[in-house]
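>
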Amino acid sequence: MALIALTGASGRIATAVRPRLRAAGHRLVLCDAPGVVVHDVDPATESTVEADVRDVDVQAEAFAGADLVVHLGAFSDERSWAEILAVNIDGTRAVCEAARVAGVRRMLLASSVHAAGYVPVDSTLARQGMPLPAPDTYYGVSKAALEAIGGLYAGRFAMTVVSARIMTFDDRPGGPRSLQSWLSPGDMTRLVLAALTTGAQGHHVVWGVSSNTRRVVDLTPGLAIGFDPQDDAEVDAEVVERRDPSRPPGVLGGGFADAAYVLGEPHGGAGDRP
748 MALIALTGAS GRIATAVRPR LRAAGHRLVL CDAPGVVVHD VDPATESTVE
798 ADVRDVDVQA EAFAGADLVV HLGAFSDERS WAEILAVNID GTRAVCEAAR
848 VAGVRRMLLA SSVHAAGYVP VDSTLARQGM PLPAPDTYYG VSKAALEAIG
898 GLYAGRFAMT VVSARIMTFD DRPGGPRSLQ SWLSPGDMTR LVLAALTTGA
948 QGHHVVWGVS SNTRRVVDLT PGLAIGFDPQ DDAEVDAEVV ERRDPSRPPG
998 VLGGGFADAA YVLGEPHGGA GDRP
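So the mapping is simple: the numbering used here equals the position in the sequence shown, first residue as 1, plus 747.
See below:
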């Protein structure tokens, strides 16, 4: 089967999809920053590499022979501009360049809903096709830049690149917004496998979202690359609404788009805010 390299291998998404990818028969190269421990490594099917996300040479060596690079390594929340620039933007450029140097022809890049955080949930832009970037934070800007870098490498080097605007990834939907935006571990795995096997060429921006009954974005861009999500947050709707009966936010970015959300500060300066 295929060899898949993952950056950010210690993170939540990689940790959730790894056993599913192994069960599908694939071998994995797990990359994360020096000193970061990747847990529960299966030595029969997985190898680990310590690599700064900005280090082209080390990552190119790690990616050698890979059929797909899945780029998950980044700050997953708001940070100072300097941190966002160094890790999320420069890091993405380095990962793409390392994949090119290694001869990898396919990449899946983890973008975010926050690249389009100011798009209203009830707009045609959200419900049909794929809206242009409307980032809600420095973090959102970094994901819009990721999509642009992916488009550059797809066009200049004839690579197949999927930029997935991941919405709310979790084991189960946790709140009213996630009834619209949940991405299950199973469907995230289906997204990886779609990027691995798609016959589509060039750059494709898709929504990383499950087939939720209350979904407010279009599955068509994902279906065009073979991403056909199967899970639905509605199975947990009664529990979620009993726990939190509030209405979902009016824009895709949720709380990240609030005027009170402070640019450059983790969680918008709200301490332990989820």
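Backbone N, C-alpha and C fix where the C-beta goes; we use that ideal spot for every residue, glycine too.
Ignoring anything shorter than 4 residues or poking outside the stretch 816 to 904, list the alpha helix (DSSP H) runs there in chain order.
837 to 849, 871 to 874 and 885 to 904
> Determine the burial state of Val-987: buried for a count of at least 16 other Cβ atoms within 10 Å of its Cβ, exposed for fewer.
buried
> Can you list, in chain order, the residues of its chain whose CB lies under 8 Å from that of Arg-924, leaving out five sequence neighbours each side?
Thr-915, Pro-995, Pro-996 and Gly-1001
> Would the stretch 1003 to 1010 count as touching the stretch 966 to 982 if we require 3 or more Cβ pairs under 8 Å?
no
> Are at least three pairs of beta-carbons, each pair with one atom in the stretch 879 to 890 and one in the stretch 920 to 939, less than 8 Å apart?
no
> Pull up the CB-CB distance for Ala-911 and Gly-955, whole angstroms please, since I reckon it's below 8 Å.
The Cβ separation is near 4 Å, so the contact holds.
> Which of the three DSSP states is assigned to Leu-943 in this structure?
If DSSP states are grouped into helix, strand and coil, Leu-943 belongs with the helices.
> According to the neighbour-count rule (16 or more other Cβ atoms, all chains shown, within 10 Å of its Cβ), is Asp-1019 buried or exposed?
For Asp-1019, the pLDDT reaches just 48, beneath the cut-off of 50, and the residue's location in the model is therefore unreliable, although a value from the coordinates is still provided. Under a 10 Å Cβ-count criterion, Asp-1019 is classified as exposed, with fewer than 16 other Cβ atoms of the shown protein chains found around its own Cβ.
> Please state whether DSSP places Ile-760 in a helix, a strand or coil.
helix
> Hey, Phe-810 and Val-851: beta-carbon distance below 7 Å or not?
yes
> So, does the stretch 785 to 803 touch the stretch 853 to 864, judging by three or more C-beta pairs under 8 Å?
no
> Using the Cα positions of Asp-991 and Leu-750, report the straight-line distance between them to the nearest angstrom.
42 Å
> Out of Asn-959, Glu-981, Ser-827 and Val-908, state which residue places its alpha-carbon closest to the alpha-carbon of His-951.
Val-908
> On the DSSP bridge assignment, give the partners of Gly-955 in chain order.
Gly-955 is bridged to Ile-913.
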